[in-house]
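Asker: Attaching a single structure in structure tokens format; questions to follow.
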DNA sequence: CAGTATCCATTTCGATACTG
DNA sequence: CAGTATCGAAATGGATACTG
């Protein structure tokens, strides 16, 4: 029931790509996730059953390949999948420009931290391990506190205290940090508004914006607003 | 229930754009249709109720504008809608490259003739009105015979004999003409295979390929096939 | 870690007929 | 021409629990 009955190549593409969640799974693969549970973190509200089904559909369509390296399963984009990169990029750019408002429903600390984690350069921790703590005081859930462990070997994300000393704590309103990440709000303005506060030695505090890269779409030029 | 609960701009874009049929309506608007019943011809299997609903959604999203010119309603893309042009294009290109097979279900004489009609240059009829007849002998439906009336003022499409003298008749197998239109099969090869035959004075027969432009995606380079 | 199984509420869509 | 009304069938997906 998902076929359009059209020979038009746009229709043939959309038969696959307009299924709910599919583009977000592709986006997550493009962003570098390759294991099932990593993919899940990029689409936190998707049930594992559905993710599994979408992956199978993408494999059948020749967009994704399943690999068994050693004893882990992983997923990778085929050449066809890689060619969706510019499309996902264009969609994100379009979304930034024309769907700028976020509802409270769109804020998600799990996804935000997952994205932030991914964008941190491991080499930022020049001298050994560095831990950043993020806290969202307004949240009452178990998604309130996060620890990002930056290590030359990689960047880890915990929702529990891993026990290492914390260099800087970022205390933020969820919406504020989300807007900063998206490039909707300047870091400086966020701090000024009180929606974002750093705690820690001032030298380290000043270094935080160096580590914490923003979304790849943060620099998309917004359309001039008509009023 | 169609929201993703993500601040990611790709997700925000797809909340709108991954709804079934939506991209095809946009494609049709980009191709130049602006009236309800013209749009319908570009998405023949979509019910009018659903088209109406999608248009309303697109209007609410700021992608389409409804206009009342004189006594006709028409739809046009806004600036946001125009910016979907490159995306639709990229999707069609991707579809050509990676979804090359067409099922019998994908063949549709209504859509094919609608597309062919659109691509004919009215000025091709240099000396007054010219009528091309298309016939699909294998079809038993009322979609078997078509008349394309090329006139300096525009190109009309009829599924009944308008009564004007016919310059050339194109007799074709539906799949063959569809493949020619998509650029999957060369005109010459189609004729040779017997899937496409022209009837009429040879001077006019030779002119047909000049009038009958192919799909905008016909020239997309196909990926090298692995075997 | 990498998924499957189950199950039902909800949505969605297609077909058809009809209207100002 | 430009839609709306209605209605049932199908599918879709969310939640949750479970498994090798």
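Protein chains in written order, with this note's numbering: chain A, 1 to 227; chain B, 1001 to 1227.
All residues carry an ideal CB built from backbone N, CA and C; glycine is no exception.
Every value quoted in this text rests on a predicted model; they were computed, and no experiment measured them.
Does the beta-carbon of residue 1130 of chain B have 16 or more other beta-carbons within 10 angstroms, so that it is buried, or is it exposed?
Answerer: Your numbering for residue 1130 of chain B matches position 130 in the second chain. With 16 or more other Cβ atoms within 10 Å, it is buried.
Asker: Would you mind telling me which residues of chain B sit closer than 9 Å to residue 36 of chain A, beta carbon to beta carbon, in chain order?
Answerer: Your numbering for residue 36 of chain A matches position 36 in the first chain. Neighbours of residue 36 of chain A on chain B: none; closest Cβ ~19 Å, over 9 Å.
Asker: With a CB to CB cut of under 6 Å and the five nearest residues on each side skipped, what residues in its chain are close to residue 1084 of chain B?
Answerer: For the purposes of this step, residue 1084 of chain B is identified with residue 84 of the second chain, where counting begins at 1. Closer than 6 Å at Cβ, skipping near neighbours: 1026.
Asker: Run through chain B and tell me which residues come within less than 7 Å of residue 105 of chain A, C-beta to C-beta.
Answerer: Taking the first residue of the first chain as position 1, residue 105 of chain A is located at position 105. Result: 1003, 1005.
Asker: Helix, strand or coil for residue 1222 of chain B per DSSP?
Answerer: Your numbering for residue 1222 of chain B matches position 222 in the second chain. Coil.
Asker: Could you compute how far the alpha carbon of residue 1182 of chain B sits from the alpha carbon of residue 18 of chain A?
Answerer: Stepping through the second chain from its first residue, residue 1182 of chain B is reached at position 182. Stepping through the first chain from its first residue, residue 18 of chain A is reached at position 18. Whole-angstrom Cα-Cα distance: 22 Å.
Asker: If you compare alpha carbons, which of B:1148, B:1153, B:1174, B:1031 is closest to residue 1162 of chain B?
Answerer: Residue numbering aside, residue 1162 of chain B sits at position 162 when the second chain is read from its first letter. Comparing Cα positions, the closest option is B:1148.
Asker: Quick check on the DSSP output: what are the complete beta strand (DSSP E) runs of length 3 or more inside the stretch 70–151 of chain A, in order along the chain?
Answerer: Those beta strand (DSSP E) runs which fall completely within the stretch 70–151 of chain A and span 3+ residues are 72–77, 130–135, 145–151.
Asker: Do residue 65 of chain A and residue 73 of chain A have their C-beta atoms closer together than 8 Å?
Answerer: Along the first chain, one-based indexing puts residue 65 of chain A at 65. Along the first chain, one-based indexing puts residue 73 of chain A at 73. No, the Cβ-Cβ distance between residue 65 of chain A and residue 73 of chain A is not below 8 Å.
Asker: Establish whether the CB of residue 1084 of chain B and some CB of chain A are separated by less than 8 Å.
Answerer: As a position in the second chain, residue 1084 of chain B is number 84, starting the count at 1. Judged by the 8 Å Cβ criterion, residue 1084 of chain B is in contact with chain A.
Asker: Using 8 Å as the limit for Cβ to Cβ distance, is residue 108 of chain A near chain B?
Answerer: For this step, residue 108 of chain A is matched to residue 108 along the first chain. Interface residue, yes.
Asker: Give the residues from the stretch 1008–1029 of chain B that approach chain A closer than 8 Å (Cβ to any Cβ), ordered along the chain.
Answerer: If the cut-off is 8 Å between Cβ atoms, the stretch 1008–1029 of chain B has 1008, 1009, 1010, 1011, 1012, 1013, 1014, 1015, 1016, 1017, 1018, 1019, 1020, 1021, 1022, 1023, 1024, 1027 near chain A.
Asker: Compare the C-alpha of residue 1157 of chain B against each of B:1109, B:1203, B:1198, B:1174 and name the closest.
Answerer: Counted from its first residue, the second chain places residue 1157 of chain B at position 157. It is B:1109 whose Cα lies nearest to the Cα of residue 1157 of chain B.
Asker: Which term fits residue 1206 of chain B, buried or exposed, when burial requires 16 or more other beta carbons within 10 angstroms of its beta carbon?
Answerer: Counting from one through the second chain, the residue named residue 1206 of chain B turns up at place 206. With fewer than 16 other Cβ atoms within 10 Å, it is exposed.
Asker: In the DSSP assignment, the alpha helix (DSSP H) including residue 63 of chain A goes from what residue to what residue?
Answerer: In the first chain, counting from the first residue as 1, residue 63 of chain A sits at position 63. Looking at the DSSP string, residue 63 of chain A is not in any alpha helix (DSSP H), and its letter there is neither H nor E.
Asker: From residue 48 of chain A to residue 40 of chain A, what distance separates their C-alpha atoms?
Answerer: As a working note, residue 48 of chain A is residue 48 in the first chain. As a working note, residue 40 of chain A is residue 40 in the first chain. Cα-Cα distance, rounded: 7 Å.
Asker: Does residue 1196 of chain B pass the burial test, meaning 16 or more other C-beta atoms within 10 Å, or should it be called exposed?
Answerer: Along the second chain, read from residue 1 onward, the residue named residue 1196 of chain B stands at position 196. Buried is the call here.
Asker: Closer than 8 Å, CB to CB, is residue 1094 of chain B near chain A or not?
Answerer: Counting from 1 along the second chain, the entry for residue 1094 of chain B is found at position 94. By this cut-off, residue 1094 of chain B is an interface position.
Asker: Could you tell me which residues DSSP pairs with residue 1183 of chain B in its beta bridges?
Answerer: Within the second chain, numbered from 1, the residue matching residue 1183 of chain B stands at position 183. Its beta-bridge partners do not exist; DSSP assigns none.
Asker: Based on Cα-Cα distance, which residue from A:67, A:35, A:82 lies nearest to residue 23 of chain A?
Answerer: The residue labelled residue 23 of chain A in the question sits at position 23 within the first chain. Ranking the options by Cα distance to residue 23 of chain A, first place goes to A:82.
Asker: Can you confirm whether residue 217 of chain A, when its beta carbon is compared against all beta carbons of chain B, has any partner nearer than 8 Å?
Answerer: As a first step, residue 217 of chain A is located in the first chain; it is residue number 217 there, counting from the start. Cβ-Cβ to chain B under 8 Å: yes for residue 217 of chain A.
Asker: Rounded to a whole number of angstroms, what is the C-alpha to C-alpha distance between residue 1101 of chain B and residue 60 of chain A?
Answerer: Position 101 of the second chain, counted from the first residue, corresponds to residue 1101 of chain B. Position 60 of the first chain, counted from the first residue, corresponds to residue 60 of chain A. When rounded, the distance between both Cα atoms is 14 Å.
Asker: Applying a beta-carbon distance threshold of less than 8 Å, which residues of chain A neighbour residue 958 of chain B?
Answerer: The shown model of chain B, from 1001 to 1227, leaves out residue 958 of chain B, and the question about it has no answer.
Asker: So, helix, strand or coil for residue 1155 of chain B, using DSSP?
Answerer: Within the second chain, the letter at position 155 stands for residue 1155 of chain B. In this structure, residue 1155 of chain B counts as strand in the three-state DSSP scheme.
Asker: For my contact list, residue 199 of chain A and residue 168 of chain A are in at a C-beta cut-off of 8 Å; report their separation, rounded to the angstrom.
Answerer: Mapped onto the first chain, residue 199 of chain A falls at position 199. Mapped onto the first chain, residue 168 of chain A falls at position 168. Between residue 168 of chain A and residue 199 of chain A the Cβ distance is about 7 Å, and since that is below 8 Å, they are a contact.
Asker: Could you compute how far the alpha carbon of residue 1080 of chain B sits from the alpha carbon of residue 217 of chain A?
Answerer: By 1-based counting over the second chain, the position of residue 1080 of chain B is 80. By 1-based counting over the first chain, the position of residue 217 of chain A is 217. So the alpha carbons of these two residues sit roughly 17 Å apart.
Asker: Under 8 Å, CB to CB, which of the residues in the stretch 1163–1180 of chain B have a partner in chain A?
Answerer: Flagged, chain order: 1178.
Asker: How many Å lie between residue 1037 of chain B and residue 1184 of chain B at the Cα?
Answerer: By one-based count along the second chain, residue 1037 of chain B stands at place 37. By one-based count along the second chain, residue 1184 of chain B stands at place 184. Going from the Cα of residue 1037 of chain B to the Cα of residue 1184 of chain B covers about 30 Å.
Asker: Give me the Cβ distance between residue 5 of chain A and residue 1045 of chain B, rounded to the nearest whole Å; I'm assuming they're in contact under 8 Å.
Answerer: Residue numbering aside, residue 5 of chain A sits at position 5 when the first chain is read from its first letter. Residue numbering aside, residue 1045 of chain B sits at position 45 when the second chain is read from its first letter. About 5 Å separates the two Cβ atoms, so the contact holds.
Asker: Name the chain A residues that come within less than 7 Å of residue 1080 of chain B, Cβ to Cβ?
Answerer: As a position in the second chain, residue 1080 of chain B is number 80, starting the count at 1. Within 7 Å Cβ-Cβ: 98.
Asker: Find out if the Cβ-Cβ distance for the pair residue 99 of chain A, residue 1009 of chain B is shorter than 8 Å.
Answerer: Residue numbering aside, residue 99 of chain A sits at position 99 when the first chain is read from its first letter. Residue numbering aside, residue 1009 of chain B sits at position 9 when the second chain is read from its first letter. Closer than 8 Å, so yes.
Asker: Would you mind working out which of B:1165, B:1202, B:1203, B:1138 sits nearest residue 1173 of chain B, comparing C-alpha positions?
Answerer: As a first step, residue 1173 of chain B is located in the second chain; it is residue number 173 there, counting from the start. Among B:1165, B:1202, B:1203, B:1138, the Cα nearest to that of residue 1173 of chain B belongs to B:1138.
Asker: I need the straight-line Cα distance from residue 1212 of chain B to residue 53 of chain A, nearest angstrom please.
Answerer: Residue 1212 of chain B sits at position 212 when you count from the first residue of the second chain. Residue 53 of chain A sits at position 53 when you count from the first residue of the first chain. C-alpha separation (whole angstroms): 43 Å.
Asker: Give the single residue among B:1120, B:1223, B:1171 whose Cα lies nearest to the Cα of residue 1145 of chain B.
Answerer: The count along the second chain starts at 1 and reaches residue 1145 of chain B at position 145. The candidate whose alpha carbon is nearest that of residue 1145 of chain B is B:1171.
Asker: Per DSSP, what kind of secondary structure is residue 168 of chain A in: helix, strand or coil?
Answerer: Within the first chain, numbered from 1, the residue matching residue 168 of chain A stands at position 168. Correct three-state label for residue 168 of chain A: strand.
Asker: For residue 132 of chain A, is the classification buried or exposed, using 16 other Cβ atoms within 10 angstroms of its Cβ as the cut-off for buried?
Answerer: Taking the first residue of the first chain as 1, we reach residue 132 of chain A at position 132. Residue 132 of chain A is buried by the Cβ-count criterion.
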